[in-house]
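Undergrad:
Protein chains: 2
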Amino acid sequence: MRNEVDPAAAIAPQIYRLLRQAIVTLEYLPGQRLSEQEIGARFGVSRQPVREAFIKLSEAGLVRILPQRGTFVVRISMRDVANARFVREAVEVAVATTACAVAPPEALDRLGELIALQKEAAASDDQRLFLRYDEAFHRTLAEAVECASAWPFIEDVKAQMDRVRYLSLPAASPMSLLIDQHAEIVRAIACRDAQRAGDAMRLHLREILNSLPRLARAHPELFEDDEMPAHAREAASATFGRDAAPA
Amino acid sequence: MRNEVDPAAAIAPQIYRLLRQAIVTLEYLPGQRLSEQEIGARFGVSRQPVREAFIKLSEAGLVRILPQRGTFVVRISMRDVANARFVREAVEVAVATTACAVAPPEALDRLGELIALQKEAAASDDQRLFLRYDEAFHRTLAEAVECASAWPFIEDVKAQMDRVRYLSLPAASPMSLLIDQHAEIVRAIACRDAQRAGDAMRLHLREILNSLPRLARAHPELFEDDEMPAHAREAASATFGRDAAPA
DNA sequence: ATAACCATACTACCATACCAGTTAAGCGAG
DNA sequence: CTCGCTTAACTGGTATGGTAGTATGGTTAT
Chain B
1 MRNEVDPAAA IAPQIYRLLR QAIVTLEYLP GQRLSEQEIG ARFGVSRQPV REAFIKLSEA
61 GLVRILPQRG TFVVRISMRD VANARFVREA VEVAVATTAC AVAPPEALDR LGELIALQKE
121 AAASDDQRLF LRYDEAFHRT LAEAVECASA WPFIEDVKAQ MDRVRYLSLP AASPMSLLID
181 QHAEIVRAIA CRDAQRAGDA MRLHLREILN SLPRLARAHP ELFEDDEMPA HAREAASATF
241 GRDAAPA
Chain G
1 MRNEVDPAAA IAPQIYRLLR QAIVTLEYLP GQRLSEQEIG ARFGVSRQPV REAFIKLSEA
61 GLVRILPQRG TFVVRISMRD VANARFVREA VEVAVATTAC AVAPPEALDR LGELIALQKE
121 AAASDDQRLF LRYDEAFHRT LAEAVECASA WPFIEDVKAQ MDRVRYLSLP AASPMSLLID
181 QHAEIVRAIA CRDAQRAGDA MRLHLREILN SLPRLARAHP ELFEDDEMPA HAREAASATF
241 GRDAAPA
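Residue numbers (full-length UniProt numbering), protein chains in the order written: chain B, 1 to 247; chain G, 1 to 247.
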């Protein structure tokens, strides 16, 4: 987060980006207090744009603003992560199935390129780059069905999941598995097989359900003391069997 | 919009609510300029909370902020409405199908009550109340699958559709049709028939595709000069036949 | 008459000042 | 020593001031 802000551009969105990145990468840990004053001083800006960034972070569910008390990074809530995942699955499965009907061939080519780039990133073990291409893949797919204006919406929802994703990076991340899943999605769309494309996307986006309980047990200090809602348990057992995610 | 703000509570969210309502009900027309100064003076508050409300409105896609120029109510974009509808259909169909697996019986009772209230509103021809209960129905359903924390997202997406909905109110609004569709959704969930519940919700949320092109032709001054994306044309023809929404 | 220019009156954005409410430490009474 | 009150040092929310950039209308030069 050493990046400086560009005073020529709008400052508030830059602060938001930087803080979001810092929270998602666990540079700022749950429970940590974020001071408007301190953040503003660090970047050489006033409290006002920092405050606007805080508001956006709170809408994304990454911080909690307590008036006259402080702004704090929230603990990871399995409930919130599961709900965000639910929404994302709903939207992206719809994107995948719709892509079978309307996606132009050029879009499939671009998706193929992104998978190739992702393989390179995996080969050189560059996890940050890997995640960047992962995000680009999903965004490109959304654009392919002319849902570009819906992407910011997905991006907001993704914030909850990204922190978990980053937390799972140091572990043996099955990057090749995710790449295979991306490839399967593209193949299904190329075949114009809506059912298969939707199923592939659904399976892909349910991976996190497998690792989430294990991560929560491994890092209890980072997690809220709550449980996954019924729909998440339902989805997990339907996808990975009744005894999903053992320790 | 004569409601005064409560100075004891946070002002910015109140301003947002009031302005959003004014835009959705077409009290503020597309193209109209919103002045921080003027809005602030009208409600007896300073420019700062008004500015924060503007930012949220711009994120909801209801206004466009042009730095150093002004903030303007955007014209209704068929593309944006269709994309918002796409996202909402995806999420709420998933909610409906999931409800079949996890919704408790009490939730179904509450949904039934809301339908009864909606019938009363329709009988007394109170369209504002009708829309209130309509929103309550969908929110309650989301809560029934423990997706309460996902509702704010749906609410943001809904803003685009609400303006169209309000525009269609003066016309012969088939309130009874919408009530029947709600009832069918509840019946399907009560039967734990996920396929049927999803289909019912899908049909319900696609009604707007039928009226949108007609409204755009009837009120060209309110609409952006754009077209529905491919996924919306696909959905309309799949649901209402190839010649959907004639003049 | 027309086109270029400049002064003016806006705008949004950022910085600063002020306010009310919360917290916590320190002091004094029991 | 312990408990309770006071008070000072925070917080976020709001109000206000300053700055740079944009539209506009009148003026001047062509």
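From the three backbone atoms N, C-alpha and C, an ideal C-beta is built for every residue, glycine too. Since this is a predicted model, take the numbers as computed values, not measurements.
(1) Please classify residue 7 of chain B as buried or exposed, where buried requires at least 16 other C-beta atoms within 10 Å of its C-beta.
(2) On the DSSP bridge list, what partners appear for residue 34 of chain G?
(3) Hey, which unbroken runs of the alpha helix (DSSP H) at 4 residues or more fall wholly within the stretch 60 to 145 of chain B?
(4) Going along the chain, which residues of its own chain have a beta-carbon closer than 6 Å to the beta-carbon of residue 127 of chain G, five neighbours each way excluded?
(5) Taking just the CA atoms, how far does residue 153 of chain B sit from residue 146 of chain B?
(6) Given this structure, state the Cα-to-Cα distance separating residue 246 of chain B from residue 92 of chain G, to the nearest angstrom.
(7) Based on DSSP bridge pairs, tell me the residues matched to residue 223 of chain B.
(8) For residue 206 of chain B, does the three-state DSSP call read helix, strand or coil?
(9) Closer than 7 Å between beta carbons: that is the criterion. Which residues of the stretch 140 to 152 of chain B meet it against chain G?
(10) In chain order, what residues of the same chain lie with their CB nearer than 6 Å to the CB of residue 100 of chain G, ignoring the 5 residues before and after it?
(11) Less than 8 Å between the CB atoms is what I'm expecting for residue 51 of chain G and residue 58 of chain G, so what's the real figure, rounded?
(12) Report yes or no: is there a C-beta of chain G within less than 9 Å of the C-beta of residue 101 of chain B?
(13) Would you list, in chain order, the members of the stretch 61 to 79 of chain G that have their beta-carbon closer than 9 Å to a beta-carbon of chain B?
(14) Please work out which residues of its chain come closer than 7 Å, Cβ to Cβ, to residue 112 of chain G, disregarding the five sequence neighbours upstream and downstream, and give them in chain order.
(15) Who are the near neighbours of residue 137 of chain G in its chain, counting only those whose CB is closer than 8 Å to its CB and skipping five residues on each side?
(16) For residue 229 of chain G, go through chain B and note every residue whose CB falls closer than 7 Å to its CB, in chain order.
(17) Along the chain, which unbroken stretches of the alpha helix (DSSP H) at least 4 residues long are found entirely within the stretch 144 to 183 of chain G?
(18) Taking 9 Å as the cut-off, decide whether the C-beta atoms of residue 231 of chain B and residue 140 of chain G are in contact.
(19) For a cutoff of 9 Å on Cβ pairs, would you count residue 156 of chain G as touching chain B?
(20) I'd like to know if the stretch 71 to 80 of chain G and the stretch 219 to 229 of chain G are in contact, where contact means that at least 3 CB-CB pairs between them fall below 8 Å.
(21) How about the stretch 9 to 20 of chain B and the stretch 7 to 18 of chain G: do they share at least three Cβ pairs that are nearer than 8 Å?
(22) In chain G, what lies closer than 9 Å to residue 55 of chain B by C-beta?
(23) Between residue 159 of chain B and chain G, is there a C-beta pair that is closer than 9 Å?
(24) Between residue 250 of chain B and residue 151 of chain B, what straight-line distance do the alpha-carbon atoms span, to the nearest angstrom?
(25) Using a cut-off of 7 Å between C-beta atoms, extract the partners of residue 210 of chain G located in chain B.
(26) On a Cα-Cα basis, can you pick out the residue from B/123, B/90, B/199 that is closest to residue 179 of chain B?
(27) For the alpha helix (DSSP H) that contains residue 234 of chain G, what are its first and last residues?
(28) Quick check: is the beta carbon of residue 91 of chain B nearer than 9 Å to any beta carbon in chain G?
(29) Grab the span of the alpha helix (DSSP H) containing residue 13 of chain G for me, first residue to last.
(30) Is there at least one Cβ from chain G nearer than 9 Å to residue 86 of chain B's Cβ?
(31) Of all the options B/125, B/82, B/142, B/83, which has the alpha carbon lying nearest to the alpha carbon of residue 107 of chain B?
(32) Give the residues of chain G in contact with residue 234 of chain B, contact being defined as C-beta atoms less than 8 Å apart.
(33) Note down the Cα distance separating residue 133 of chain G from residue 46 of chain G, rounded to an integer number of angstroms.
(34) Cα separation between residue 40 of chain B and residue 33 of chain B?
(35) Please check if any C-beta of chain G sits within less than 9 Å of the C-beta of residue 59 of chain B.
TA: Checking against the coordinates, here is how it stands:
(1) It counts as exposed.
(2) G/71
(3) 78 to 102, 105 to 123, 127 to 144
(4) 169
(5) 14 Å
(6) Confidence at residue 246 of chain B is low in this model, with a pLDDT of 44, below 50, so its placement is unreliable and the value that follows should be read with caution. About 31 Å.
(7) B/76
(8) Residue 206 of chain B: coil per DSSP, three-state reduction.
(9) 145, 146, 147, 149, 150
(10) 189, 192, 194, 197
(11) Rounded, the Cβ-Cβ distance is 11 Å, inconsistent with contact.
(12) Judged by the 9 Å Cβ criterion, residue 101 of chain B is in contact with chain G.
(13) Residues 61, 67, 77, 79.
(14) Within the same chain, residue 112 of chain G has close Cβ partners 186.
(15) 111, 114, 115, 118, 182
(16) 146
(17) 151 to 168
(18) no
(19) So, interface residue.
(20) At 8 Å Cβ cutoff, the stretches touch.
(21) no
(22) 12, 52, 55, 56
(23) no
(24) There is no way to answer for residue 250 of chain B, as the model of chain B reaches only from 1 to 247.
(25) Neighbours of residue 210 of chain G on chain B: none; closest Cβ ~19 Å, over 7 Å.
(26) B/123
(27) 230 to 240
(28) yes
(29) 11 to 24
(30) yes
(31) B/142
(32) Taking the beta carbon of residue 234 of chain B as reference, the chain G residues within 8 Å of it are 98, 101, 102, listed in sequence order.
(33) About 34 Å.
(34) Going from the Cα of residue 40 of chain B to the Cα of residue 33 of chain B covers about 14 Å.
(35) For residue 59 of chain B, the nearest CB of chain G lies under 9 Å from its own CB, placing it at the interface with that chain.
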